[in-house]
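> Structure provided below as structure tokens; questions to follow.
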Amino acid sequence: MLCRGPGGGANFPGASVDPETGILYIPSATRPHGMSLIAPPEGTSDWPFVIQMERQVGPFGLPLLKPPYRRITAIDLNTGNHVWQIPFGMGPANHPMLEHLDLPPLGSVYDDVVAEGGILVTKTLLVSFLAQKDEIDPQAHGSILVALDKNTGETLAEVLVDQRLHGPPMSYMHEGRQYIAVAGGGRDNDDELLVFSLPD
Numbered sequence: 205m206l207c208r209g210p211g212g213g214a215n216f217p218g219a220s221v222d223p224e225t226g227i228l229y230i231p232s233a234t235r236p237h238g239m240s241l242i243a244p245p246e247g248t249s250d251w252p253f254v255i256q257m258e259r260q261v262g263p264f265g266l267p268l269l270k271p272p273y274r275r276i277t278a279i280d281l282n283t284g285n286h287v288w289q290i291p292f293g294m295g296p297a298n299h300p301m302l303e304h305l306d307l308p309p310l311g312s313v314y315d316d317v318v319a320e321g322g323i324l325v326t327k328t329l330l331v332s333f334l335a336q337k338d339e340i341d342p343q344a345h346g347s348i349l350v351a352l353d354k355n356t357g358e359t360l361a362e363v364l365v366d367q368r369l370h371g372p373p374m375s376y377m378h379e380g381r382q383y384i385a386v387a388g389g390g391r392d393n394d395d396e397l398l399v400f401s402l403p404d
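Written as structure tokens, this is what we have:
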């Protein structure tokens, strides 16, 4: 059993630090996988054994471990203390076996770390994104760009994007206006750079 998962706890998306406050913001996930050695299908490898990796789930397809499954943690590098931690994404809160419990967000359990991004820190915000695909609608397409209050982790705005986003968001200024850019595409999507800004 590999836990937190093949993407690491916080390894893949990467963290961001605010140099003015000394706060480190880390996206992380708990996605346990089972690993084993198997004989490869004939003609696919020169090795006698290859790794087989499968996500481990519990009854009714629900996660094996307790939430949050995906989270953002703010850590004060001056003290080592956690300033706040939030579940990031709804996760299986609306699963048919759980929906009657009216649960808060549990953190995304979507099993594709490439489709969930790093964090951009601005003067007042954190910007990141989640895959729209979820446990209830596996055919859902696109991503959700999310802006959070960097002091509390509170979600301030969400934008549904009809594209598969990946990689950390970037920001730049042009003629006095700030823009946020995110790479999109991969797999069955056309590759493009998506750029967002607040309306005038």
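As numbered in the working numbering, the sequence shown has no gaps in its residue numbers, which increase by one up to the final residue, 404. Backbone N, C-alpha and C define an ideal beta-carbon position, used for all residues, glycine too.
In angstroms, rounded to a whole number, what distance separates the CA positions of residue 340 and residue 322?
Numbered from its first residue, the sequence shown carries residue 340 at position 136. Numbered from its first residue, the sequence shown carries residue 322 at position 118. Here residue 340 scores only 49 on pLDDT, less than 50, and its place in the model is too uncertain to base an answer on.
> With 16 as the cutoff for other CB atoms within 10 Å, does residue 245 come out buried or exposed?
The residue labelled residue 245 in the question sits at position 41 within the sequence shown. Answer is exposed; the Cβ neighbour count stays below 16.
> Rank 247, 377, 325 by C-alpha distance to the C-alpha of residue 357 and give the top, closest one.
Here residue 357 refers to the residue found at position 153 when the sequence shown is read from its first residue. Closest option to residue 357, Cα to Cα, is 325.
> Please state whether DSSP places residue 298 in a helix, a strand or coil.
Translated into positions along the sequence shown, residue 298 becomes position 94. Residue 298 sits in a helix when the DSSP states are folded into three classes.
> Quick one: give me the first and last residue of the beta strand (DSSP E) that residue 277 is part of.
Taking the first residue of the sequence shown as 1, we reach residue 277 at position 73. 274–280 is the span of the beta strand (DSSP E), which, as asked, contains residue 277.
> Does the separation of the CB atoms of residue 278 and residue 227 fall below 8 angstroms?
Translated into the one-based positions of the sequence shown, residue 278 becomes position 74. Translated into the one-based positions of the sequence shown, residue 227 becomes position 23. Residue 227 sits close to residue 278, with the two beta carbons spaced by under 8 angstroms.
> The beta strand (DSSP E) that contains residue 289, what's its start and end?
Walking along the sequence shown from the start, residue 289 turns up at place 85. From DSSP, the beta strand (DSSP E) with residue 289 extends over 286–291.
> Quick check: the Cα distance between residue 380 and residue 367, rounded to an integer number of angstroms?
If you number the sequence shown from 1, residue 380 lands on position 176. If you number the sequence shown from 1, residue 367 lands on position 163. Distance from the CA of residue 380 to the CA of residue 367, rounded to the nearest whole angstrom, comes to 27 angstroms.
> Go ahead and pull the three-state DSSP assignment for residue 253.
Here residue 253 is taken as the residue at index 49 of the sequence shown, counted from 1. In the structure shown, residue 253 sits in coil (DSSP, three-state: anything other than H, G, I, E or B).
> Taking three-plus beta-carbon pairs below 8 angstroms as touching, is the region 252–264 in contact with the region 328–336?
Verdict: no, contact absent.
> Taking C-alpha atoms, which residue in 247, 400, 395, 389 lies nearest to residue 374?
Here residue 374 refers to the residue found at position 170 when the sequence shown is read from its first residue. Among 247, 400, 395, 389, the Cα nearest to that of residue 374 is on 400.
> Once DSSP output is grouped into helix, strand and coil, what is the label at residue 340?
For the purposes of this step, residue 340 is identified with residue 136 of the sequence shown, where counting begins at 1. With a pLDDT of only 49 at residue 340, under 50, the local geometry of the prediction cannot be trusted, and no value is derived from it.
> Assuming residue 218 and residue 372 make a contact with CB atoms under 8 angstroms, what is their CB distance in whole Å?
Mapped onto the sequence shown, residue 218 falls at position 14. Mapped onto the sequence shown, residue 372 falls at position 168. Right, the Cβ-Cβ distance comes to about 6 angstroms (below 8 angstroms), so this counts as a contact.
> I'd like to check one pair, residue 238 with residue 275: are the Cβ atoms closer than 8 angstroms?
Here residue 275 corresponds to residue number 71 of the sequence shown, with the count starting at 1. Here residue 238 corresponds to residue number 34 of the sequence shown, with the count starting at 1. Not closer than 8 angstroms, so no.
> For the beta strand (DSSP E) that residue 362 lies in, which residues bound it at each end?
In the sequence shown, residue 362 corresponds to position 158, counting from 1. It spans 359–365 - the beta strand (DSSP E) in which residue 362 sits, taken as one unbroken run.
> Between residue 349 and residue 389, what straight-line distance do the alpha-carbon atoms span, to the nearest angstrom?
Taking the sequence shown and counting its residues from 1, the one referred to as residue 349 is at position 145. Taking the sequence shown and counting its residues from 1, the one referred to as residue 389 is at position 185. The alpha-carbon atoms of residue 349 and residue 389 are separated by roughly 15 angstroms.
> Please report the distance separating the alpha-carbon of residue 287 from that of residue 384.
Sequence index remark: in the sequence shown, residue 287 carries index 83 (1-based). Sequence index remark: in the sequence shown, residue 384 carries index 180 (1-based). One C-alpha to the other measures close to 26 angstroms.
> Tell me whether the beta-carbon of residue 236 lies closer than 8 angstroms to the beta-carbon of residue 205.
Counting from one through the sequence shown, the residue named residue 236 turns up at place 32. Counting from one through the sequence shown, the residue named residue 205 turns up at place 1. Yes; because the gap between Cβ atoms is below 8 angstroms, this pair is in contact.
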